[in-house]
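Everything on this sheet refers to the single structure shown next.
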C-alpha cells in the first residue's frame with residue numbers, strides 16, 4: 001500500500017459499486033452514490049476505463065467471455081454483501097445496538113450516505129492509516145461532510161493488536177456492536193482470523209459480525225467458480241495482496257464456535273436473488289447454492 005492511497009482491492013470494490021449504481025438496471029442491489037467519489041473517479045468514463053483494465057487483466061488469465069462473467073460476479077458479490085450488512089444493521093439498531101465497527105473500512109461509504117441508518121450509532125472505521133488518509137482527503141475535496149458520529153481508528157496489523165486498537169479508538173466493549181468485516185479474511189493468516197473472531201466474541205450478546213470469505217476449491221459450488229477464485233487469487237497477488245487463508249462453511253463455523261460465538265449462518269446466493277431481485281437468479285450469474293457470506297452471532 002502506497003502512503004496516502006487506498007489498497008488496490010479497496011479501489012476495485014469502490015469502482016464495482018460505482019458501476020452498479022451508474023449502469024445496473026432496476027432493481028439495483030445497492031445504491032452507493034458515493035462510490036465513484038471515494039474512488040477518485042470524476043465520471044462514468046473513468047469508472048468504465050478502470051474496469052476495462054481489470055477485464056483485460058482477467059482475460060489474460062482465461063478468455064474474454066469468462067472475464068466478463070467474473071467481473072459481473074464480483075460486482076454483484078460486493079453489492080450483495082453491503083446490502084446484507086445494512087439490512088442486518090437496521091435490525092440490530094432497533095434491538096439496541098449502538099456501535100458499528102467497520103474492520104478494513106477501505107472506501108466504505110455507509111456512514112456518509114445512510115444517515116438515517118447510522119443516526120444514533122457511533123461508527124468506527126478501522127483501517128490502515130494510509131487508506132484513511134486518502135479517504136478523508138477525497139471526502140474533503142468532494143465537499144462531503146464527515147458526520148460527528150464517525151471515528152477513524154488507525155490499525156496496522158504489524159505494530160498493534162486489534163483489541164488494543166479498538167480500545168485506543170474508543171470502542172466500548174460493553175455496548176452491543178455490529179461488525180462489518182468485508183474483503184479482509186482472505187488476506188489474513190488463520191491465526192489472525194482466529195484472533196479477530198475472539199476479539200469480536202468478547203462483545204455483549206446481540207453483537208454480531210457480517211463477513212465474506214473465500215472457500216477452498218474442493219468446497220466451491222462449480223468448476224466455473226473454482227476457476228474464478230483461482231483467477232481472483234492471481235489478480236490480487238499481482239496487486240501485492242495475496243490470499244493467505246480460506247475456509248469451507250464447516251471450517252468457518254468451527255472457528256466461530258471456538259471463538260465463543262453462539263451461532264453462525266451462511267446464506268446462499270439464491271436467497272439473495274429472492275430478496276433483492278424478485279427471484280431472478282439468472283441475473284446474478286452465480287450458482288444459486290454458492291455461499292460466500294457469513295453472520296456470526298455472539
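In the numbering used here, the protein residues as written are 1 to 298.
Just so it is clear, CB atoms sit at the ideal spot from N, CA and C, and this is done for glycine as well.
- Residue 211 is bridged by DSSP to 181, 294.
- Residue 127 is bridged by DSSP to 154.
- Between residue 203 and residue 126 a beta carbon distance of about 14 Å is seen, past the 8 Å cut, so the two are scored as non-contacting.
- Boundaries of the alpha helix (DSSP H) around residue 199: 190 to 201.
- In terms of Cβ geometry, residue 97 and residue 107 do not form a close pair [threshold 9 Å].
- In this structure, the alpha-carbon of residue 42 lies about 21 Å from that of residue 79.
- Annotation for residue 77: the continuous alpha helix (DSSP H) segment containing it runs 64 to 94.
- Approximately 7 Å separates the beta-carbon atoms of residue 37 and residue 144; this is inside 8 Å, confirming the contact.
- Straight-line spacing of the CA atoms in residue 247 and residue 216 works out to 6 Å.
- In this structure, residue 109 sits near residue 35, with a CB-CB distance shorter than 9 Å.
- Taking residue 101 as reference, the option from 45, 111, 94 with the minimal CA-CA separation is 111.
- In summary, residue 189 is exposed, with fewer than 16 beta-carbon neighbours lying within 10 Å of its beta-carbon over all protein chains present.
- For residue 264, the beta-bridge partners assigned by DSSP are 296.
- When DSSP states are grouped into helix, strand and coil, residue 122 belongs to the strand group.
- Counting only residues of its own chain and dropping the five nearest sequence neighbours on each side, residue 155 has a CB closer than 6 Å to the CB of 126, 165.
- Judged by beta-carbon spacing, residue 276 lies within the 9 Å limit of residue 83, meaning their Cβ atoms are closer than that value.
- Of all alpha-carbon atoms in 117, 71, 296, 242, the one lying nearest the alpha-carbon of residue 212 is that of 296.
- Spanning the alpha carbons of residue 287 and residue 281 requires a straight line of approximately 8 Å.
- Comparing alpha carbon positions, the residue from 85, 134, 149, 128 closest to residue 115 is 149.
- No residue range can be given for residue 246, since it is assigned to no beta strand (DSSP E) and is classified by DSSP as neither H nor E.
- Taking a C-beta distance under 9 Å as the contact criterion, residue 45 and residue 55 do not qualify as a contact pair.
- Put simply, the backbone Cα of residue 186 is about 6 Å away from that of residue 244.
- Residue 259 counts as buried, since no fewer than 16 other beta carbons sit within 10 angstroms of its beta carbon.
- For residue 99, the enclosing beta strand (DSSP E) covers residues 99 to 103.
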